[in-house]
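In short: position in the sequence shown from 1, add 1, done, that's this note's numbering.
Idealized CB from N, CA, C, for every residue including glycine.
As the structure is a prediction and not an experimental result, all values here were calculated from the model.
Written out below as structure tokens is the structure these notes cover.
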Amino acid sequence: MNINFTLISQAIAFSVFIWFTVKFVWPPLLRAIEERQKTIADGLAAGERGRHELELASQRSSDVLKEAKQRASEIIVQAEKRASEIIEEAKVAAKEEGNRIVTGAKAEIEHEMFSAKEVLRQQVAEIALAGAAKILRREVDAKAHAELLDTIRDDLK
């Protein structure tokens, strides 16, 4: 065997192997590598989008939280305002009720005073009549004295 023939046959075999590899083996490997690169790139892009969406969601959640806090403070202010209005309305109603009660009590006191004055006048008239009757017992004209006593009683009123 000749070394040249062996070298040439090995070179031909190697060339056929390279041609076979380039023609049949290399394209599926390149497609697999390209698909893997695309998958990795898509994954990285999705990760980047996810991070960006996370930042946006975080910002939106902080905005929503601020808005909720602001709304809560507005509700609290409105509630405090309404509470003070209710208190003022209750005060006004209580004053009106107190004034009505005082007016009723004054009217009742005036009525009681009038009744007491009438009772007192009646008693004074009776005492005056009793005293006049004792003084006038000596005189016999009861009619004239009764008229006089009625006049005195009317004057006391």
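Taking 8 Å as the upper bound for CB-CB distance, Ala126 and Arg154 are in contact here, some 4 Å apart. In the three-state scheme derived from DSSP, where H, G and I count as helix and E and B as strand, Asn5 is classed as helix. Scanning its chain for C-beta atoms nearer than 6 Å, with the 5 sequence neighbours on each side dropped, one finds no residue around Ala131. It is roughly 10 Å from the alpha-carbon of Ile19 to the alpha-carbon of Trp27. Counting only the Cα atoms, Asp156 lies some 14 Å from Gln124.
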